[in-house]
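For reference, the structure discussed in these notes is given below.
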Amino acid sequence: MADLELEILWRGLKCYQCSSTKDWDECEDIQIEVKCDEEEDQCFKVFFKGKKGHIQSETYSKGCTTNEKCKQFNEEWCKMKEFSPGVNCEVTWCTGDKCNAAALPIVSAIILIACACLAFLY
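Under the numbering used here, the first residue of the sequence shown is numbered 4, with each subsequent residue one higher.
Shown next as structure tokens:
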């Protein structure tokens, strides 16, 4: 694992980037490969559905991030679904070139749950 992290730091992480308000298929149709900024060590995928006032919105997004930003998003936005009916949020993040390629896999959901549990401990 340490070798992978060193390699990513040396040459930079690559992730898929896209955003859609329709669905994952549209996002993946327009996705591009990007080289992440030096401090960004994670790829992410986010689905968020919620209401702002009377307007319902959905967002499907992929890109580069940091572990801390993913945890912050999860805590600030995804926990809203516990208190707000109609809010749905799924966020996954991973380390490795283009690891955010596919639709939200089961393994990533397991990682998400583990990370969410860790967030509660700290």
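Every residue gets a Cβ at the ideal spot worked out from N, C-alpha and C, and that includes glycine. Owing to the predicted nature of the structure, the values given are computational and were not obtained by experimental measurement.
- By the criterion of a C-beta distance shorter than 6 Å, Y63 is surrounded in its chain by S23, W27, C30 and F50, once the five residues flanking it on both sides are discounted.
- Minimum Cα-Cα distance from K52 among the listed residues T95, L16, K84 and C102 corresponds to K84.
- Taking 8 Å as the cut-off, the beta carbon of K101 is found closer than this to the beta carbon of Y19.
- For E61, the enclosing beta strand (DSSP E) starts and ends at I58 to T68.
- For K38, the closest C-alpha among the options K48, S87, G15 and W96 is that of G15.
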